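First the structure, in the form of structure tokens, and then the observations on it.
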Amino acid sequence: MSSPEKMNQSNSQWKWTRVVVPTVLLLAICTAASAYFPKGAKTGTNTSRAALQANVALPPGVTATDPGPRPLPANAGSFISTLSANEQQIEPSITTEFNRTHDVLVTSPVDGGLGPRFNENSCASCHNYPAVGGSSPPSNPLFSIYNYNGATNTMPFFISSSGPILEARFINQPGTTIADGSVHQNFVITGRSDATGCNIAQPDFNTASSQGNLVLRQVIPTYGDGLIEVIRNSDIVANMNANLPQKTKFKITGHPNYSGNDGSIQRFGWKAQIRSTLLMAAQQMNVEMGVTNETFPNEVDQTPGCVLNPVPETVTNFTPGILTEMFPDDRARDEYFTQWLAPPTPAKTTTSTQNGKVQFQSAGCIFCHTQSFKTPATSRPALSSTTINLYSDLLVHHMGPGLADGLPQGQAGPDEFRTAPLWGIGQRLWFMHDGRTNNIVTAIEDHLSNANGKYPASEASQSVNSFNNLSSKNQQDLVNFLRSL
Amino acid sequence: MRRIDNSPMQNNAGSMPRRTPYYLLALTLLLAASMAVLIVRPVTVHGSSLAVDPGPRPLPAAAGNFYSTLSANQNAITTRLTQIFTEVNFVAGGPLVKTVGLGPRFNSNSCSSCHAYPAVGGSSPPNNPLFGIYQLQGATNTMPYFVTSNGPVIVARFPYKSDGVTPDGGVHQMFTISNRSDAPGCTTMAQPDFTTAQQTNNIIFRQTTPTFGTGLMELIQESDIIANMNSNLSLKQSLGITGHPNYSDDDGTISRFGWKAQNKSLLYFAGEAYTVEEGVSDEAFPSENDESIAGCLPPFNVPPGTNKTKGVPDDRNDTGEAPKAPVNFPSDLERFSLFMKFLAPPTPVAPTTSTSNGLVQFNAIGCNLCHTNSFTTPASSIAALSKVQANLYSDLLVHDMGPGDADNVQQGNATGDQFRTAPLWGIGQRYFFMHDGRTSDIVQAIEDHRSSGNATYPNSEANTVINNFDALSQQNQQDLVNFLRSL
Chain A
1 MSSPEKMNQS
11 NSQWKWTRVV
21 VPTVLLLAIC
31 TAASAYFPKG
41 AKTGTNTSRA
51 ALQANVALPP
61 GVTATDPGPR
71 PLPANAGSFI
81 STLSANEQQI
91 EPSITTEFNR
101 THDVLVTSPV
111 DGGLGPRFNE
121 NSCASCHNYP
131 AVGGSSPPSN
141 PLFSIYNYNG
151 ATNTMPFFIS
161 SSGPILEARF
171 INQPGTTIAD
181 GSVHQNFVIT
191 GRSDATGCNI
201 AQPDFNTASS
211 QGNLVLRQVI
221 PTYGDGLIEV
231 IRNSDIVANM
241 NANLPQKTKF
251 KITGHPNYSG
261 NDGSIQRFGW
271 KAQIRSTLLM
281 AAQQMNVEMG
291 VTNETFPNEV
301 DQTPGCVLNP
311 VPETVTNFTP
321 GILTEMFPDD
331 RARDEYFTQW
341 LAPPTPAKTT
351 TSTQNGKVQF
361 QSAGCIFCHT
371 QSFKTPATSR
381 PALSSTTINL
391 YSDLLVHHMG
401 PGLADGLPQG
411 QAGPDEFRTA
421 PLWGIGQRLW
431 FMHDGRTNNI
441 VTAIEDHLSN
451 ANGKYPASEA
461 SQSVNSFNNL
471 SSKNQQDLVN
481 FLRSL
Chain B
1001 MRRIDNSPMQ
1011 NNAGSMPRRT
1021 PYYLLALTLL
1031 LAASMAVLIV
1041 RPVTVHGSSL
1051 AVDPGPRPLP
1061 AAAGNFYSTL
1071 SANQNAITTR
1081 LTQIFTEVNF
1091 VAGGPLVKTV
1101 GLGPRFNSNS
1111 CSSCHAYPAV
1121 GGSSPPNNPL
1131 FGIYQLQGAT
1141 NTMPYFVTSN
1151 GPVIVARFPY
1161 KSDGVTPDGG
1171 VHQMFTISNR
1181 SDAPGCTTMA
1191 QPDFTTAQQT
1201 NNIIFRQTTP
1211 TFGTGLMELI
1221 QESDIIANMN
1231 SNLSLKQSLG
1241 ITGHPNYSDD
1251 DGTISRFGWK
1261 AQNKSLLYFA
1271 GEAYTVEEGV
1281 SDEAFPSEND
1291 ESIAGCLPPF
1301 NVPPGTNKTK
1311 GVPDDRNDTG
1321 EAPKAPVNFP
1331 SDLERFSLFM
1341 KFLAPPTPVA
1351 PTTSTSNGLV
1361 QFNAIGCNLC
1371 HTNSFTTPAS
1381 SIAALSKVQA
1391 NLYSDLLVHD
1401 MGPGDADNVQ
1411 QGNATGDQFR
1421 TAPLWGIGQR
1431 YFFMHDGRTS
1441 DIVQAIEDHR
1451 SSGNATYPNS
1461 EANTVINNFD
1471 ALSQQNQQDL
1481 VNFLRSL
């Protein structure tokens, strides 16, 4: 099997170099006509969630209403019940770590390390709802974090107290045409009492927004990730190649985002740009909290005065005798927390949700939101040979100009996104990659987007048209089915 | 059937006629350039160099020790780290539950078989270890044409997929576990077709890079790498040297390891290498490297009580199974990373008049503008790695090396002709040079840095420096070579 190291990037870059000349010409022409382009998340002041929501009007004939998220108690957040007794023994330790609030200065092997730049100070503040490990809660936790401990951050314009937690990426490096794509953290440690001497500024989000250079992404829940990461690549590809006549009818294609490292299929992140819970935990620690670790040992900003701890800030604990009792580092604990969380439990089926599932299938939703995969034999018995109803094919698909964020990641193009797993959406508050809506019917309609001069039509457009053509009752049943997950 | 305007098929069909002439043109120019090079190139092996390679310094190894400054507790686990790095992996069976999971495809069965010389953790030994591995346990592999008993350990990548256009770039492992006695049920997995790849000019090679001192390299501050990149700009410009970092997609910091600086950290590298080189899936990359034949995947049907993996990942932290003991925790992946992290850099020999002058010449002709003499690490949570001057002779940037070195594989921000400045520490005892191990003569390796641009790739950034080397007196050339062999 091929294992193209970093081919994810190189593929796209290869393509880009080949098309760059015609594209530049095309862009020049299109700039004048840009007022006709649909406003995506990257487009100027329309980035705000309210503006995006205001743009969406349900087409005539769509009568379904969103019953809203199912109320608490949470139907997610438990560990897999079949973990071994020894594994269960360390559940409290990994839960503590996932909930830990990181301050700047490292004072023990398991705390500190925040910044110099960060989006939040604990995993659980964002992976929060309906239970720890999930996604954005109803009240935005960033408001109690951004000025914590004397920090002098201002709240970016795109964050609202009752909106989703969002992080920012820039398409190009500010003021240039050089591709960027990386996260530009909302906050800095400047002003914090535990960060004396650090004086760096927050990114200029307003300028980025006015230049159409700002991309927003919301938090993804982690339930069931340990099962997702062991699904065989061959099963994902076999599913991709199944039902081809129907997919052709619906104009659905899709393809994997392959790891540049070992050639396997990546599964995590809005563009399926991350391979495993280990790499996700490690990357998130440094990117979201600024906690350097053994996989990512360098601070993302090394301005003098702001690197306040020896690096990496979390390391294997070399205390004698401790290796039997403790994990090597915080990264491993965060990894296992997400790896061992069971999938959400759906609500009991009703006549309505049963019919809704039938409609979900007949409208073609199922061709991307694949109902289930089965994990192979795994070395951790609790994850082994389990059928999981994730409702995702783990492929990336063209989603049209309406959702395109202009940001390629690996083999996922600027308008391509991973099919979001739907398990747990019955209790989810925000939808789509940028959290643009809290209305699940609007979220369905947001899947429809016609081609423009830059991007092809959304692969979901036909399915959404099919949904729109359903009877009122069938539409409502389908929505009820989704809210039962 | 009505054709869909944006169907991929039509896109391909539409672009092919435009693409073909470019390829023919490029191919023609490449051929022309190659012929020109063949005609122009002096018949002497070393270009116009008059120096002679004294050869690798003999053993004992001047590398392979752990830092003497490790803490007592860190020191206490080094023996075990070495055991794990040198363990031979079986598909199933073997002496330990830790030593299973090989394949289904693999290049070798242990880290230390390739990272071998002049000490464990290094690079290719003089005698190719693959000959002792490829038919182990009854495996029916044939040895690929490019592996020789006294040549370097190299792995194969295919720049393009079989259509000759779509980029591939991935490692195609040399061997499979077919017919091994410890892989019952796996009989039909074929080795890659290297001969066809050779005939279609679609195969490139990479040799083993040594791991000594890499714990320091991963900690060097990005701001120091950038500051060094931006120093001596007018001098670099006059010599045609630029260079740039290869950034990690994950966190945007500079990646440092591998021939194209495509790997961010030792842990990331260990995770990738375990599954790519040995086929042992791990917690960073939990898939088997070929899932196409059910009989070649775990769990294997071996007698009860035989060591085997229950499934993917083959290697992981032991968090559940009794007896829980320090030797089984953490995972091999974590242990490999710590092993490399704790290995000290090679020790150079004491300077002589010749090597001292060689260093002066090395700097004077501009070698040091890429092969930056040293960086100092920042404060580190591993005390032994904290604020240490690392004399690695690399700027950790990637540079255009011209058509002569180009391998047509793009990795991250490193294009088909760009390579990381190889750190020179330890080359005094190294056997094979350049990314593909093409030569064991260090003077030839210097000359191989020179390559004129063609239609596809620009000039090697090293050209002017190599011309400067050739223009040195015989004595100065020899002193420079002696300096390199002192590292």
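Quick mapping for you: the protein sequence lines, in order, are chains A and B. Each step along the first sequence adds one to the number in my numbering, with nothing skipped, and position 315 is 315. Each step along the second sequence adds one to the number in my numbering, with nothing skipped, and position 471 is 1471. For each residue, glycine too, the CB sits at the ideal point set by N, CA and C. Only a predicted model underlies this, so the values are computations on that prediction, with no experimental measurement involved.
Quick one: what does DSSP say residue i is sitting in, helix, strand or coil?
i                  : result
Gln53 of chain A   : The pLDDT assigned to Gln53 of chain A is 43, lower than 50, so where the model puts this residue is not dependable; a value taken from the coordinates is nonetheless given after this. Residue state, collapsed to three classes: helix.
Asn213 of chain A  : coil
Glu1218 of chain B : coil
Ile171 of chain A  : coil
Arg550 of chain A  : Only positions 1 to 485 of chain A appear in this structure, which leaves residue 550 of chain A out of reach.
Thr1142 of chain B : coil
Asn1246 of chain B : strand
Phe1483 of chain B : helix
Leu1418 of chain B : In the sequence as displayed, the identity of residue 1418 of chain B is Gln instead of Leu. Three-state DSSP puts Gln1418 of chain B in a strand.
Asp1182 of chain B : coil
Ile159 of chain A  : coil
Asp301 of chain A  : coil
Val358 of chain A  : helix
Pro1313 of chain B : coil
Ser1356 of chain B : helix
Phe268 of chain A  : strand
Ala964 of chain B  : Residue 964 of chain B cannot be examined here, being either before or after the span of chain B that is shown, 1001 to 1487.
Tyr336 of chain A  : helix
Thr378 of chain A  : strand
Classify residue i: buried if its beta carbon has 16 or more other beta carbons within 10 angstroms, exposed otherwise.
i                  : result
Thr1376 of chain B : exposed
Lys249 of chain A  : exposed
Leu1235 of chain B : exposed
Lys271 of chain A  : buried
Asp1407 of chain B : buried
Phe143 of chain A  : exposed
Gln1478 of chain B : buried
Lys374 of chain A  : exposed
Ser1068 of chain B : exposed
Asp1400 of chain B : buried
Gly1132 of chain B : exposed
Ile178 of chain A  : exposed
Would you please state the rounded distance, in angstroms, between the beta carbons of residue i and residue j? I believe it to be under 8 Å.
i                  : j                  : result
Tyr146 of chain A  : Phe187 of chain A  : 5 Å
Phe1285 of chain B : Gly1271 of chain B : 6 Å
Leu1385 of chain B : Arg1420 of chain B : Incorrect: roughly 21 Å between the Cβ atoms, too far for contact.
Val62 of chain A   : Asn450 of chain A  : Val62 of chain A to Asn450 of chain A, Cβ: 17 Å. No contact.
Met432 of chain A  : Asp446 of chain A  : 6 Å
His1244 of chain B : Val1409 of chain B : No, His1244 of chain B and Val1409 of chain B are not in contact; Cβ-Cβ is about 17 Å, not under 8 Å.
Asn1476 of chain B : Leu1369 of chain B : With a Cβ gap of about 18 Å, Asn1476 of chain B and Leu1369 of chain B do not count as contacting.
Asn1317 of chain B : Glu1334 of chain B : 7 Å
For residue i, collect the residues of the same chain with a Cβ closer than 8 Å to its Cβ; drop the 5 residues on either side in sequence, then sort them by chain order.
i                  : result
Leu1424 of chain B : His1371, Leu1392, Tyr1393, Ser1394, Leu1484, Leu1487
Pro479 of chain A  : According to the sequence shown, residue 479 of chain A is Val rather than Pro. Contacts found: Ala64, Thr65, Asp66, Pro67, Gly356, Ile440, Val441, Ile444.
Leu429 of chain A  : Pro69, Tyr129, Ser135, Ser136, Pro137, Pro138, Pro164, Asn438
Give me, in chain order, the residues of the same chain whose beta-carbon lies closer than 6 Å to that of residue i; leave out the 5 immediate sequence neighbours on both sides.
i                  : result
Lys1341 of chain B : Gly1215, Leu1266
His1172 of chain B : Ala1156, Phe1158, Pro1192
Could you pull out every residue in the same chain whose Cβ sits closer than 7 Å to the Cβ of residue i, ignoring the five residues on either side in sequence?
i                  : result
Thr292 of chain A  : Gly113, Asn286, Asn298, Glu299, Val311, Pro312, Glu313
His102 of chain A  : Asp111, Gly112, Gly113, Leu114, Asn121, Ser122, Met289, Val291
Ala377 of chain A  : Ser384, Ser385
Pro1326 of chain B : Low local confidence applies: a pLDDT of 42 at Pro1326 of chain B is under 50, so the model's placement there is unreliable, with the coordinate-based value given in what follows. Excluding positions up to five away in sequence, the list is empty.
State the beta-bridge partners of residue i as determined by DSSP.
i                  : result
Asp1407 of chain B : According to DSSP, Asp1407 of chain B bridges with nothing at all.
Asn1263 of chain B : B:Phe1257
Val183 of chain A  : A:Arg169
Ala412 of chain A  : A:Gln409
Ser1380 of chain B : A:Val311
With a threshold of 9 Å between beta carbons, is residue i in contact with chain C?
i                 : result
Arg483 of chain A : The question asks about chain C, but that chain is absent: this structure's protein chains are A and B.
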